[in-house]
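These notes concern the structure reproduced below.
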């Protein structure tokens, strides 16, 4: 379905605009830096469980859009919200969602200019965000070149660990006792993602050739870059940084830490390709934001080998996963 | 609820931005003309009946956003769609919605850059639209001044007439036989609203002091202008132009043509205030787009009289309506 949206007929898309096959659409203007434009909906029961504290739903609706802006190397400019809710929705719950919007707007320094409200059978929070790229051209998914190194910010698997604890806690409800502080931090990784805005801009300045935010899962999202760039990648599994809190409680939340890190979605870290000689400068720049940049693989010519676009190696052997990542409605 | 969105805390709204208490939010930029930013959701069973031809739902989702841009005197720049639908939604239905998106994008000359798709229990179509005001400052709801004349584009009540025919036709299904060509045109007024983009820009250039698109109902929407401008208005009921097709089939679709015209929503005409000496030029400019501009009332000082913000007179007597317009979830 998203594919159809990408190939939408109707008013022709001018050459100065790029459809949203990327993290955000790009609108070049005669005056001023290019604009970034993105939209994302969160549906109750699909994207969030209705019994999480409501402020997390509000927070996350803004944060996931900001992450799309981060993946282009941009800065959020303003956001609007469309809030669909049943008529009988509890007012305290609504207020808590607004608190979450406010927290995210403040944290992301993104003015929330208001929006639209409507009655509907189930909660749907849709955020549209406008951003700009004041210092560099937007970094697209399509720019990865053979010979580039594949890098990631931060650590992986934490959001999935948090989601699993949340699902189990719906039955038992004492995460601190069962999982200690690592468990609480994993919950936070799932409920309060931190878009890598500053890191994204620094990576853009350091010469990133392609970038994406990891929402579907690392292997799946690297696959999106390969598809748009017309390249393949080889990733060294043991190089992928694992969330330390996930490792601390691994025996309670996953059968396979590596699989969780490589295919679990919603870590909202950035995956980026860089010319090899740009890595050192990029890593130093990202480190200045308090998170690591780690080299995990290389970009290859599409014709250089057969098989999957993203080849994951462990001890020289290919690793295969049942699913490379979160499968969207009719594929995204 | 919309009131809360307007007063959203969080990141402070810079002085160069105007929250969406207006038809669209305004973002002033150092470089280039101001940007307009708006979002609107259409929910199945609330904003459209699931058995209308699906392309109308797609068309209307874009058109109602363009109408918000029109009411600021702007021009659409680009749009994004978020499409929430149940997993089992019929593919032909989805395709028809996309056809409607494409028709509207082409008609409105608005590139649809793509968007987001998600699974949900019921269809929700959310459109975010970006516009700009290349030639004038954005026309706000807050600029009406005592002494201004109150004017409207086009004719009123047609969309409500169409909605009533549609509701009745769910039982009988032969609109042409029952209502003739006027009935078909009323259906079109409901299903395919024509945002007054060109008229809006010409009114802005002609010196419009305040403007709004009539979505809630004429009296209700004039009330929004009064509230934001701190003024009152007196409207001469018999001056309000009635849809000729509504008049032609009036006995079949309404008990009170005047009430339908003054309080029925979704005509998506523009209501505008102008300094008296600007009316003639404005009317000539709007006539060039093929629709009339009609003077229907005057703007008054808020302290000049007691009572309702919008006073409707017929033969010198106040007219009262059970409801001034469409009542949104917790008020809009």
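Chains as they are written, first to last, in my numbering: chain A, 332 to 663; chain B, 332 to 663.
All C-beta atoms in this analysis are idealised placements derived from N, C-alpha and C, irrespective of residue type, glycine included.
No experiment lies behind these values; they were computed from the predicted model shown.
Beta-bridge partners of residue 348 of chain A, as assigned by DSSP = A/358
Would residue 584 of chain B pass as a contact of residue 591 of chain B if the rule is Cβ separation under 9 angstroms?
-> yes
Is the Cβ-Cβ distance between residue 544 of chain B and residue 599 of chain B less than 9 angstroms?
-> yes
Assigned exposure category for residue 389 of chain A - 16 Cβ within 10 Å defines buried | With 16 or more other Cβ atoms within 10 Å, it is buried.
Along the stretch 352–363 of chain A, what residues have a CB closer than 8 angstroms to any CB found in chain B?
-> 352, 356, 358, 360, 361, 362, 363
Hey, does residue 467 of chain B have any beta-carbon neighbour from chain A nearer than 9 angstroms?
-> no
On the DSSP bridge assignment, give the partners of residue 635 of chain A in chain order.
-> Answer is none; residue 635 of chain A lacks a bridge partner.
Under a three-way DSSP split, which group does residue 618 of chain A fall into?
-> Look at residue 618 of chain A here: in three-state DSSP terms it is helix.
Residue 652 of chain B to residue 355 of chain A, Cα distance in whole Å?
-> Going by the C-alpha atoms only, they are around 46 angstroms apart.
Taking a Cβ distance cut-off of 9 angstroms, strictly less, list which residues of the stretch 600–616 of chain A are near chain B, in chain order.
-> none
Going straight from the alpha carbon of residue 610 of chain A to that of residue 567 of chain A, what length do you get?
-> If I take the Cα positions, the gap works out to 17 angstroms.
Nearest-angstrom Cα distance between residue 375 of chain B and residue 452 of chain A?
-> If I take the Cα positions, the gap works out to 9 angstroms.
Is the stretch 390–398 of chain A close to the stretch 357–371 of chain A, with three or more CB pairs under 8 angstroms?
-> yes
Answer yes or no: does any C-beta atom of chain A fall closer than 9 angstroms to that of residue 556 of chain B?
-> Against chain A, the CB of residue 556 of chain B has no partner CB under 9 angstroms away; the residue lies outside that interface.
Distance, residue 546 of chain B Cα to residue 552 of chain B Cα | 7 angstroms
Going by alpha carbons, who is nearest to residue 441 of chain B out of B/409, B/423, B/469, B/414?
-> B/409
Closer than 8 angstroms, Cβ to Cβ, to anything on chain B: give me those residues from the stretch 393–411 of chain A, in chain order.
-> 408, 409, 411
Let me know the secondary structure DSSP gives residue 659 of chain A once reduced to three states.
-> Residue placement at residue 659 of chain A cannot be trusted, given a pLDDT of 40 that sits under 50; the coordinates are not used to answer.
Would you call residue 511 of chain B buried or exposed, if buried means 16 or more other Cβ atoms sit within 10 Å of its Cβ?
-> exposed
Between residue 641 of chain A and residue 650 of chain A, which are expected to be in contact by the criterion C-beta below 8 angstroms, what is the C-beta distance as a whole number of angstroms?
-> Not confirmed; about 11 angstroms, so no contact.
Partner residues on chain A for residue 547 of chain B, Cβ-Cβ distance less than 8 angstroms | Here the premise fails: no neighbours, minimum Cβ distance about 13 angstroms.
Beta carbon of residue 381 of chain A nearer than 9 angstroms to that of residue 496 of chain A = no
Taking residue 461 of chain A as the query, report the chain B residues whose CB atoms sit under 8 angstroms from its CB, ordered along the chain.
-> For residue 461 of chain A, the chain B residues whose C-beta falls within less than 8 angstroms of its own C-beta are 358, 366, 368, 461, listed in chain order.
Name the two residues that bound the continuous beta strand (DSSP E) containing residue 437 of chain B.
-> Careful: residue 437 of chain B lies outside any beta strand (DSSP E), inside the alpha helix (DSSP H) at 422–438.
N- and C-terminal bounds of the beta strand (DSSP E) containing residue 461 of chain B | 455–463
Measuring only between beta-carbons, confirm whether residue 449 of chain B sits less than 9 angstroms from chain A.
-> Contact of residue 449 of chain B with chain A is assigned, a C-beta pair being separated by under 9 angstroms.
For chain A, is any of its Cβ atoms less than 9 angstroms away from the one on residue 663 of chain B?
-> Reliability fails at residue 663 of chain B, whose pLDDT of 31 lies under 50, so the model's placement of it is uncertain and no value is given.
Report buried or exposed for residue 421 of chain B, applying the criterion of at least 16 other Cβ atoms within 10 angstroms of its Cβ.
-> Burial state of residue 421 of chain B is exposed, judged by a 10 Å Cβ sphere holding fewer than 16 other Cβ atoms.
Grab the span of the beta strand (DSSP E) containing residue 447 of chain A for me, first residue to last.
-> 443–450
In three-state terms, what does DSSP make of residue 485 of chain B?
-> Three-state DSSP puts residue 485 of chain B in coil, outside helix and strand.
Would you tell me roughly how many angstroms separate the C-alpha atoms of residue 573 of chain B and residue 480 of chain B, rounded to the nearest one?
-> Taking the straight line joining both Cα atoms gives about 19 angstroms.
Looking at residue 411 of chain A and residue 445 of chain A, is the spacing between their C-beta atoms short of 9 angstroms?
-> Contact flag set, yes.
Determine the direct distance from the alpha carbon of residue 456 of chain A to that of residue 474 of chain B, and round the result to whole angstroms.
-> 32 angstroms
DSSP bridge partner residues for residue 628 of chain B (one or two, in chain order) = B/481, B/566
Would a check of beta-carbon distances place residue 659 of chain A closer than 9 angstroms to chain B?
-> With a pLDDT of 40 at residue 659 of chain A, under the threshold of 50, the modelled position of that residue is not reliable, and no figure is offered here.
Who are the Cβ neighbours of residue 424 of chain A in its own chain at under 6 angstroms, not counting the five residues just before and after it?
-> Result list for residue 424 of chain A: 385, in chain order.
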